Amino acid sequence: MSTDDIFPDESKTYEEKLIAKKNIPLVVNKLHIRGCVKTNEKYVRSLFQPAQEAHTLQELLEAVSLSVEKLQRNGVLTSAVATCVPAEVAGAADVVIEIVEDQSTHLSTNTYIQNGKTTLETEFTKKNVFGNFENYSVKGSIGNDTSNSVDVSFVKPNVFLSHDATAKVFHFTSINQLMQSHDLKTTGVSLNFNRDALSNSLVSSSLTIGCQNRNVTNLPTQASKEIRHLAGASLKSYIEHRFTRNTTDSPTTPSRGSIIQIINEIAVLGSEHQFLKSQGAATLFYKPFKHDIIFGLDLKCGYIHSLGSRSSAVPLPDRFLLGGPGSLWGFEMNSVGPTGKHTSQTGVQPLSVVGFPQIVTNKSSSDAIGGNVLLNGNFNISSPIPKSPIFESLGARAQIFLNAGNLMNTSGDETLNAGFERFINSTKLAYGFGLKVPFLTGRVDLAWSLPLLSNSRDQNRFFQFGFTQSFK
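Under this note's numbering, the sequence shown has 503 at position 386, and the numbering climbs by one with no breaks.
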């Protein structure tokens, strides 16, 4: 019996007939690949191996769908389409894959602005280097946040249990960081195995093995004694695993779903300072009413456990920082948590925004030295701006928010109850309102904040803005 005998209705296409009966036995007779110019046809055929091993229509459709997504996710192709057509053999179908290759070289330039810091980034990418979807790229940046940055990477997709492998060599120098009177020079290599979430999966994961040499250098004469104690070079060899589950319905302005992320890092072999670092984040979105009102909740926590004799052995670049846009609105960038006082007042005070007072409760300069215990939360309610065609055309939303958080260093001789009490008593709290303006690659957030819980040493900010990258 032929496939046409199973589907006598001539008014439907062949694929519509197939979808009508997913459980029928069906195998792949031939695999036709069209459009390969620089792409190795054998590589494309290997990605469709699961489809060739299918025994039912449902298995075939699922395997073809996943294989097409693997073709598209590396940016080598502008399109990839798979079509099932009747085969001459009974109970079988031919699969035709048509691909269109993208141009092999790309040069892009981008400018990022974050809380008054500007970075110009240029990237050169060579795609499909050897015909198996390998990419290499050279990225450089310059700005008043990072003086120079060079990042060279080579990506080999679909290796090691369907993970993409990325080998990277990088060097960057961070300067002029708020609340930090030093430069940080980092040079390293890493090997990353990354598996992106496909359409039938909400989960992505990655495993990174790397080695970095970090140097806290170029300290001014007024640098705090805490920074001087932590300055110098440190070598870190590490293994990091990231797990992400994303069920949101939009990459820039979600209204439903959640994002759960867990990051675990261990620095042991070859590291001058050995530690275990764990971070967790949960972001929830909920729209309970018919009106377009969205409730959001963002929770973050982190803990660093030194495997040495004391927690202060954790290097400065590995510690948590807190404060500023996307972290804790209403407080200066990196200003929350342990700090070290400068020996004298230096630097230029931030400019106030016209029409809004700039609240600066701490006139003395200080250095953020980071902490090993982090807890941060943000609750917000957003809605469209009524009777405003300009904001409506931009997709902008108004929001009110309440955020709280704290950052501290634990002491080896401090009891758990004493540490918990100290953490709660020094927690920061602020509320405010703002705007969310989505773009193709992210979202710009504007916020006006007032502190509810702070002390005389805190550096509060009434107006702030930040850029949030796409959630997916």
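Cβ coordinates follow ideal geometry from the N, Cα and C atoms, glycine included. These numbers come from a predicted model, not from an experiment.
Three-state class that DSSP yields for T478 in the structure shown: Because T478 carries a pLDDT of 34, less than 50, the predicted location of this residue cannot be relied on, and the following value inherits that uncertainty. Residue state, collapsed to three classes: coil.
Could you have a look at H288 and say whether DSSP puts it in helix, strand or coil? DSSP, read as helix, strand or coil, puts H288 in strand.
Measure from the alpha carbon of G257 to the alpha carbon of each residue in T236, F250 and N311, then state which is nearest. T236
With 16 other Cβ atoms within 10 Å as the buried cut-off, status of S388: So S388 counts as buried.
Three-state class that DSSP yields for T463 in the structure shown: For T463, the predicted model reports a pLDDT of 43, less than 50, meaning its position is unreliable; a value from the coordinates is still stated below. If DSSP states are grouped into helix, strand and coil, T463 belongs with coil.
Please classify D281 as buried or exposed, where buried requires at least 16 neighbouring CB atoms within 10 angstroms. buried
Which of the three DSSP states, helix, strand or coil, is assigned to A515? strand
Between which two residues does the beta strand (DSSP E) holding G494 run? From DSSP, the beta strand (DSSP E) with G494 extends over V490 to P501.
Closest by CA to R359, which one among S323, A340 and E343? Checked all of S323, A340 and E343; the closest Cα to R359 is S323.
Rounded straight-line distance, which links the Cα of A521 to that of F406: 26 Å
Can you name, in chain order, every residue of its own chain whose Cβ lies under 8 Å from the Cβ of A180, other than the five neighbours on each side? F165, P167, A168, E170 and A171
Between the C-alpha atoms of T195 and Y355, what's the straight-line distance to the nearest angstrom? 36 Å
Tell me the residue span of the beta strand (DSSP E) that contains N363. For N363, the enclosing beta strand (DSSP E) has its first and last residue at G349 to N363.
Continuous beta strand (DSSP E) stretch holding Q329: start and end: V320 to T334
Short of 6 Å in beta carbon distance, which residues of its chain neighbour I326, apart from the five on each side in sequence? Order them along the chain. L308 and I356
Option nearest I411 by Cα separation, candidates I498, T400, L347 and L491: I498
Could you check what DSSP says for Q581 in three-state terms: helix, strand or coil? strand
DSSP puts A197 in a beta bridge; with which residues? I216
Considering only the beta carbon of each residue, do Y548 and S573 sit closer than 8 Å? no
Between the segment 329 to 342 and the segment 299 to 308, can you find at least three pairs of beta-carbon atoms closer than 8 Å? yes
Between K545 and the ligand MN, is there a pair consisting of the residue's CB and a ligand heavy atom that are separated by less than 7 Å? No copy of the ligand MN occurs in the structure displayed, which carries no ligand at all.
Kindly indicate which three-state DSSP category A180 falls into: helix, strand or coil? Assigned with DSSP and collapsed to three states, A180 falls in helix.
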